[in-house]
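See below for the structure under consideration.
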Amino acid sequence: MSETPAKAFLRPGKVFLLTLAGVLVYLVALVALVPAGWLWHQASAHIQLPPEVQVRQVSGKAWAGVAGAVVAGYPVRMEWQLGTPSFSGLSLPVSFSLTSSQSSVDGRVSLDWQGAGTLEAKGRLTVAEFEDLIRRSGGAVIEGDVTIDRLLLSWQEGRITGADGEGRWAGGEVSWPMGDRMERADFPPMRAILDSTSNGVALVVEEQGGDGPAADAEIRWNGMMDLRVYKRMVDLADQPWSESAGPDDVVFRVRQPLIPGGAL
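For the numbering used here, count along the sequence shown from 1 and bump the result up by 43.
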């Protein structure tokens, strides 16, 4: 009988698999053990944040950590936790939570190796918390909370490719500046719907159960924003207007750059 030749234990294929496994274990250990504060210190010099955003403190590990920041003068706490990477899709999921003194948003971001990604989020915003900021910008203040039931965004190559969302407000008093005085009115429950268009992203505000928009806005890819307010909004605010105008007539329209320079 002939003897079967003994096979080498460390064949080239096995050496490659063992090396790959070792590299993966090293990378996982690196992510799990490296302090998040150290990583942020190294990366912050290469990241340009808007002037309204200031990161004050980062703690925890890269795998799961906490960051404290100030956004437009409001303290915000962010927590994150990396999920299990998808090797088939070459993507990394990240769960996050944003909380201020009265508001919170929870969600999940998935990023792939080419820079594309998706975001899913929901939460609750207490409008009174941001009243000073709204007043300074000349906007209207509503009482109560705005609930974000759904927010879905996708992007690729630095541009949003899809948007879908819905939020609602239970109704109540709305106040807004009118010359040197404040106007007030009681509004019914309202909802806002976010959708993507061929030119950008559109937001429609309407009465819950109503028969048309009270206002809508479109943010175009070139950085311009188109805002329209309909007669229906004037009726909800119980303000005088021409009786010849119908609910779908536009009573106010403005187009302006959303950000300086007019480019996203």
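Backbone N, C-alpha and C define an ideal beta-carbon position, used for all residues, glycine too.
In the structure shown, residue 80 falls within a helical segment according to DSSP collapsed to helix, strand and coil. The C-alpha of residue 161 is placed about 6 Å away from the C-alpha of residue 152.
Counting only runs of at least 3 residues, the region 208-242 fully encloses the following beta strand (DSSP E) elements, listed from N- to C-terminal order: 215-221, 224-230 and 233-239. In the pairwise beta carbon analysis, the region 215-224 is classified as not touching the region 240-249: fewer than three pairs are separated by under 8 Å. Collapsing the DSSP output to three states places residue 246 in a strand. By the C-beta density criterion, residue 146 is buried, having at least 16 other C-beta atoms within 10 angstroms. Between residue 170 and residue 189, the gap from beta carbon to beta carbon is short of 8 Å.
Taking the C-beta atoms as reference points, residue 261 is found nearer than 8 Å to residue 243. Your pair residue 294 and residue 270 does not check out as a contact, with CB atoms roughly 12 Å apart and the cut at 8 Å. Straight through space, the alpha carbons of residue 252 and residue 225 are spaced by roughly 28 Å.
At a Cβ-Cβ threshold of 8 Å, residue 206 and residue 175 do not count as neighbours. Within the same chain, and ignoring the five residues on either side of residue 117 in sequence, the residues whose Cβ sits closer than 6 Å to its Cβ are 143. Note that the C-beta distance between residue 138 and residue 126 is below 8 Å. Excluding its 5 nearest sequence neighbours in each direction, residue 230 has C-beta neighbours in its own chain below 6 Å: 214, 217 and 279, listed in chain order. If you compare the alpha carbons of 180, 193 and 86 with that of residue 234, the shortest gap goes to 193.
For residue 277, the enclosing alpha helix (DSSP H) covers residues 274-279. A direct Cα-Cα distance of roughly 60 Å separates residue 84 from residue 285.
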